[in-house]
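Following: one structure in structure tokens, then a few remarks.
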Amino acid sequence: MLEIIVLPLLTMLTCKETRAAIIALHKNGFTGKDIVATKIAPKSKIDRFIKNFKERGSILVKKASGHPRKSSKRQDRLLKRIQLRDRSATSAELAQEWQQAGVSASARTVRRRLLEDGLVSRRAAKKPLLSKKNIRDRLIFCRKYSEWTAEDWGKVIFSDEAPFRLFGASGKKGLSGEEKGERYHQSCVMPTVKHPDTIHVWGCFSSKGVGSLTILPKNKAMNKEWYQNTLQQQLLPTIQQQFGEEQCIFQHDGAPCHKAKVITKWLRDQNVEILGPWPGNSPDLNPIENLWSILKRRVDKQKPTTSDKLQEVIMKEWVAISQDLAQKLIESMPSRIAEVLKKKGQHCTY
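Numbering (mature numbering (1 follows the signal peptide of the UniProt record, and there is no 0)), first residue to last: -20 to -1, 1 to 330.
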């Protein structure tokens, strides 16, 4: 009966009103079990409020002990403005500038205040510097292909070269998961060498999946002769395998060996249509860059220790990339184009 009489009166109470109602019921002789039956609050809260009332004779909850807050709301807003003015500033640098405004706080306090405002501290994303010409070319390219759908981009074969380093970490900083005393245990240490072997590869892919991947011979320059041979031996078989007699478009960037007259003529003689002209310093527009990142992470997990093993793992992981993943990367192209246009030629988030 208690629940039927009391519950309707308690459904819209604030926290302070809830405490008052619990104490009122307690004063009127209701037991803790009776009050729990009203479902006014969890049992743990009800017990704590009643205990606090018995000890202090008040419904007010004793404030937690601790250091007083070092900054006011106004000072917190000032810190946010300082940080947004220079996003590259470290927490220590922000603390120094904040101190000049009269707030004596540590870098840790700065990070905590920014986190309260939804600003997360992390390494700045590394993107190529864009010149005015780069920005203009990016806008020209994106406007030219702004109407293309994911289906249109599905006819494009994207290509690029990429380096793979022995004992590489793919730019990733992770947790070693060590227990106390295990910091230098073999499983918690990432090996490095002064001059690691680096393997350069050329690869291509489309929405139909990964195409050919070839490894550049050691001490071999990436010149126009090498590139023409690569296109002959790797690109043409990929076009035939993935598209057959269907029309497709080939993408490559503006590297010197790509733009050589002999390469342009060779591609024209082979009836290979070129996407572009491709804007400089625009890896964010090429989904194969994301594919390289994924491939490098998978290769690093295998922890190859020799150049031969590294090459073997690269080839193995390349062919293991699913067609579904390749298609999703290609389907991101309309979003990349739209974002660059929205940002007036600046980098997109990809």
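Where a beta carbon is used, it is the ideal one built from N, C-alpha and C, also for glycine.
Would you identify the three-state DSSP class for residue i, choosing helix, strand or coil?
i: serine 302; result: coil
i: serine 192; result: strand
i: glutamate 127; result: coil
i: proline -13; result: Residue placement at proline -13 cannot be trusted, given a pLDDT of 45 that sits under 50; what the coordinates show is reported in the next sentence. DSSP places proline -13 in helix when its eight states are reduced to three.
i: glycine 12; result: helix
i: histidine 327; result: coil
i: tryptophan 258; result: coil
i: leucine -19; result: With a pLDDT of 46 at leucine -19, under the threshold of 50, the predicted position of this residue should be treated as unreliable, and no value is reported.
i: valine 136; result: strand
i: proline 314; result: helix
i: proline 143; result: strand
i: glutamate 253; result: strand
i: isoleucine 243; result: helix
i: valine 320; result: helix
i: glutamine 76; result: helix
i: leucine 215; result: helix
i: methionine 295; result: helix
i: proline 263; result: helix
i: asparagine 203; result: coil
i: lysine 198; result: coil
i: lysine 50; result: coil
i: leucine 155; result: Bear in mind that the predicted position of leucine 155 carries a pLDDT of just 38, short of 50, making it unreliable; the figure below should be weighed with that in mind. Three-state result, leucine 155: coil.
i: threonine 285; result: coil
i: serine 38; result: coil
i: residue 341; result: An answer regarding residue 341 cannot be provided, because it is not within the stretch -20 to 330 covered by the chain.
i: threonine 210; result: helix
i: serine 71; result: helix
i: lysine 160; result: Unreliable placement is indicated for lysine 160, whose pLDDT of 49 sits below 50; no coordinate value is reported for it.
i: leucine 119; result: helix
i: leucine 290; result: helix
i: lysine 308; result: helix
i: lysine 31; result: helix
Within the continuous alpha helix (DSSP H) that includes residue i, where are the two ends?
i: histidine 238; result: 236 to 239
i: cysteine -6; result: -6 to 7
i: valine 279; result: 268 to 282
i: isoleucine 20; result: No alpha helix (DSSP H) holds isoleucine 20; DSSP gives it neither H nor E.
i: aspartate 93; result: Per the sequence shown, residue 93 should be read as arginine rather than aspartate. Per DSSP, arginine 93 belongs to the alpha helix (DSSP H) from 87 to 96.
i: glutamate 226; result: First-last for glutamate 226: undefined, no H or E at that position.
i: arginine 57; result: 53 to 65
Going by CA-CA distance only, name the one from the options that's closest to residue i.
i: isoleucine 268; options: Ala235, Pro259 and Ser187; result: Ser187
i: arginine 91; options: Leu271, Leu59, Glu319 and Arg145; result: Leu59
i: serine 111; options: Lys25, Ser262 and Gln303; result: Ser262
i: glutamine 307; options: Gly191, Lys13 and Asn251; result: Gly191
i: arginine 28; options: Ser52, Gln55, Leu5 and Arg(-2); result: Arg(-2)
i: phenylalanine 33; options: Lys7, Lys53 and Asp264; result: Lys7
i: glutamine 221; options: Gly189, Lys198, Asn251 and Lys204; result: Gly189
i: glutamine 250; options: Lys13, Leu216 and Gln76; result: Leu216
i: proline 314; options: Gln303, Ala4 and Cys328; result: Cys328
i: arginine 67; options: His47, Pro48, Leu94 and Lys53; result: Leu94
i: lysine 135; options: Gly224, Val83 and Ala21; result: Gly224
i: lysine 198; options: Phe185, Thr210, Leu211 and Val181; result: Val181
i: cysteine -6; options: Gly9, Val299 and Pro22; result: Pro22
Would residue i pass as a contact of residue j if the rule is Cβ separation under 8 angstroms?
i: residue 343; j: cysteine 228; result: There is no way to answer for residue 343, as the model of the chain reaches only from -20 to 330.
i: alanine 130; j: isoleucine 310; result: yes
i: leucine 271; j: arginine 123; result: no
i: glutamate 297; j: valine 279; result: yes
i: leucine 193; j: glycine 183; result: yes
i: glutamine 231; j: tryptophan 258; result: yes
i: isoleucine 137; j: threonine 218; result: yes
i: isoleucine 294; j: phenylalanine 144; result: yes
i: alanine 87; j: serine 51; result: no
i: alanine 72; j: glutamine 63; result: no
i: tyrosine 330; j: aspartate 233; result: no
i: asparagine 114; j: glycine 256; result: no
i: lysine 204; j: valine 252; result: no
i: alanine 75; j: glutamine 55; result: no
i: isoleucine 3; j: glycine 12; result: no
i: serine 287; j: aspartate 177; result: yes
i: aspartate 140; j: asparagine 266; result: yes
i: glycine 325; j: leucine 119; result: yes
i: isoleucine 317; j: serine 126; result: yes
i: isoleucine 179; j: leucine 290; result: yes
i: isoleucine 30; j: alanine 1; result: no
Following the continuous beta strand (DSSP E) through residue i, name the residue where it begins and the one where it ends.
i: threonine 178; result: 178 to 186
i: glutamine 231; result: 229 to 231
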